[in-house]
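Reading through the structure tokens given below for one structure.
2 protein chains.
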Amino acid sequence: MLKATNRLGSLGRREQNKIDTRRAIADAAFDLARNVGPGAFTVDQITERAGVSRRTFFNYFPSAQDALTVRMDLFIDRILSTFERLPRDEPLFDTIIRAFAETTGMEGLSQHGELFRMADADPDLLRAQLHSWERAEARIAEALRIRFGSTASQLYLTALVGCVMSCTKTAMRDWAVHTPASAPDSGKQLEARILAVLTMLRDGFADPGLRIAPDPPDPGS
Amino acid sequence: MLKATNRLGSLGRREQNKIDTRRAIADAAFDLARNVGPGAFTVDQITERAGVSRRTFFNYFPSAQDALTVRMDLFIDRILSTFERLPRDEPLFDTIIRAFAETTGMEGLSQHGELFRMADADPDLLRAQLHSWERAEARIAEALRIRFGSTASQLYLTALVGCVMSCTKTAMRDWAVHTPASAPDSGKQLEARILAVLTMLRDGFADPGLRIAPDPPDPGS
DNA sequence: GACAAATTTTGCACACCGTGCAACAAGAGT
DNA sequence: ACTCTTGTTGCACGGTGTGCAAAATTTGTC
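Protein sequences, first through last, are from chains A and B.
Numbered according to this note's numbering, the first sequence spans residues 804 to 1024.
Numbered according to this note's numbering, the second sequence spans residues 804 to 1024.
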């Protein structure tokens, strides 16, 4: 007999409510961080905005900072799904580069940059973000292990993923710093940087002269 | 009038007391983490062991976990001082590899491994450690910038340092996992891993077959 | 040694955090 | 409508991190 219970696009009320609540909390947290500054608000303020109880907040996130890393986790989701879609006979490094470069078209990219900049002012937020990257590393490494586990050693795969993630992080930081407002070519700017650093990585950092933009040789800051 | 006040090897009472207090706190925290488990003790327990007041603890460390990253910061000190000592006309990558490889002879290396393993059980400790690595990255990048700032772009240097740190982290994790007890050749084990991953990095991860231990070789690709 | 200045330690208060628990509410299945 | 399952809420409680001002300690000077 057919299940006709799904009234909400293949999702039950329960699932949908949870998604909504989670989003409401994350949005409230982001708004607060943007307005009063990261680390300058309490959980109670978040729950008030989101319209949930204090206790419910902690059912979703272990800390206020963790509510601000949702977007980064979504970023990883995107990388992984892009990764799954790419041809399996492509060289490993090409696949990785494409998977990472293609993510720069995602929505809310400028918010990403904002969050990066916020981390400078709030150590706890920085830690939460680093933890998020760490989880991402583990997830991607696992995906690679499943796909290439037979042809590459564990140490090789984890080291490679670590470097790729580190390079991407560096690229995003540099982008977040040098692309302050939401420039129209923001995505392109980020993509160029990611390509640049991943190319450096593939070349074993042999050429120190690679530059992303004609930068006047920084006179001692 | 001559200063005859320094009775303690070029250090005043004040400086020495602070060093002692800091060490007492860090030791107490490490002992507790080792005995009752990371994240399973309170700040009050630390202060009781260390013989200081609760308030004093927070004058030295912002959280209990941060008292456990002192050793990692010392590790970075060692890398940096080794780095300073190496010849300045050596190729950049060689200098880096040597600076990192030479640190494996440091005292308390096994405690390092212990701390790595502890991070699996305590998310907050993991975050503190990630933060510690992050600070280390910044310090080393700055040292490199001063030394090579004229011949390499900022993006290149930060990306390179990030990858080197990431590789070292990977090597130390793998070492911490696979060298459980304090093996007699613990330092050599770690050094071999660091050399392996940094070599991979220098080769642009071209050869997936590099292995640290004889594993069923699969000369694929 | 006594005194004053500088610095560190300490106790205290207070707002906030994070979690176990049990009552309650709401969706799912019949 | 009834029951089962799952999510929300209020409450209580121990722990955290910090500002503040009063001791306590070190340092320099006479």
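Built from N, CA and C at the ideal position, the CB exists for glycine as well.
Nothing here was measured: the structure is a model prediction, and the numbers come from that model.
Rounding to the nearest angstrom, what Cα-Cα distance links residue i and residue j in this structure?
i	j	result
Ile882 (chain B)	Leu998 (chain B)	15 Å
Cys966 (chain A)	Phe878 (chain A)	18 Å
Glu937 (chain B)	Gly815 (chain A)	42 Å
Glu945 (chain B)	Ala962 (chain B)	12 Å
Leu912 (chain B)	Lys972 (chain B)	14 Å
Glu1111 (chain B)	Asp892 (chain A)	Beyond the ends of chain B as shown, which are 804 and 1024, falls residue 1111 (chain B); an answer cannot be given.
Phe940 (chain B)	Val964 (chain B)	Note that residue 940 (chain B) is Glu in the sequence shown here, rather than Phe. Rounded to whole angstroms, Glu940 (chain B) to Val964 (chain B) spans 6 Å at the Cα level.
Asp1021 (chain B)	Ile949 (chain A)	Annotation note: pLDDT 49 at Asp1021 (chain B) (below 50); position unreliable, coordinate value reported separately. Those two C-alpha atoms are separated by around 15 Å.
Arg942 (chain B)	Ile899 (chain B)	14 Å
Ala867 (chain B)	Trp978 (chain B)	25 Å
Gln992 (chain A)	Gly990 (chain B)	43 Å
Gly840 (chain A)	Ile828 (chain A)	16 Å
Met975 (chain B)	Arg996 (chain B)	8 Å
Ser884 (chain B)	Ser953 (chain A)	41 Å
Met1003 (chain B)	Phe833 (chain B)	34 Å
Arg901 (chain B)	Glu910 (chain B)	18 Å
Gly908 (chain A)	Pro987 (chain A)	12 Å
Arg826 (chain A)	Thr845 (chain B)	34 Å
Gln819 (chain B)	Pro865 (chain A)	39 Å
Would you mind giving the Cβ-Cβ distance between residue i and residue j, rounded to the nearest angstrom? I have them listed as a contact below 8 Å.
i	j	result
Leu1001 (chain A)	Phe919 (chain A)	With a Cβ gap of about 18 Å, Leu1001 (chain A) and Phe919 (chain A) do not count as contacting.
Asp876 (chain A)	Ser935 (chain A)	6 Å
Arg852 (chain A)	Leu835 (chain A)	7 Å
Asp1009 (chain A)	Pro1011 (chain B)	According to the sequence shown, residue 1009 (chain A) is Ala rather than Asp. No, Ala1009 (chain A) and Pro1011 (chain B) are not in contact; Cβ-Cβ is about 19 Å, not under 8 Å.
Phe951 (chain B)	Leu960 (chain B)	7 Å
Can you check whether the CB of residue j is closer than 8 Å to the CB of residue i?
i	j	result
Thr872 (chain B)	Phe860 (chain B)	no
Asp869 (chain A)	Arg857 (chain A)	no
Ala924 (chain B)	Gly854 (chain B)	no
Gly1007 (chain B)	Arg1005 (chain A)	yes
Thr824 (chain B)	Tyr863 (chain B)	yes
Leu933 (chain B)	Arg930 (chain A)	yes
Can you pull out the residues from the stretch 884-903 of chain A whose beta carbon lies closer than 9 Å to at least one beta carbon of chain B? Those would be Pro894, Leu895 and Phe896, in chain order.
Given a limit of 9 Å on CB to CB distance, which residues of the stretch 919-937 of chain A reach chain B? Those residues of the stretch 919-937 of chain A placed with their C-beta closer than 9 Å to a C-beta in chain B are Pro926, Asp927, Leu929, Arg930, Ala931, Leu933, His934, Trp936 and Glu937, ordered along the chain.
With 8 Å as the limit, tell me which residues of the stretch 982-1005 of chain B have their beta carbon closer than that to any beta carbon of chain A; keep them in chain order. Residues of the stretch 982-1005 of chain B whose Cβ lies closer than 8 Å to any Cβ of chain A, in chain order: Arg996, Ala999, Val1000, Met1003, Leu1004 and Arg1005.
Counting only Cβ-Cβ distances shorter than 7 Å, please list the residues of the stretch 825-836 of chain B near chain A, keeping chain order. For chain A, none of the residues of the stretch 825-836 of chain B brings a beta carbon within less than 7 Å of one of its beta carbons.
Residues of the stretch 969-982 of chain A with a CB closer than 9 Å to any CB of chain B: list them in chain order, please. If the cut-off is 9 Å between Cβ atoms, the stretch 969-982 of chain A has Ser969, Cys970, Lys972, Thr973, Ala974, Arg976 and Asp977 near chain B.
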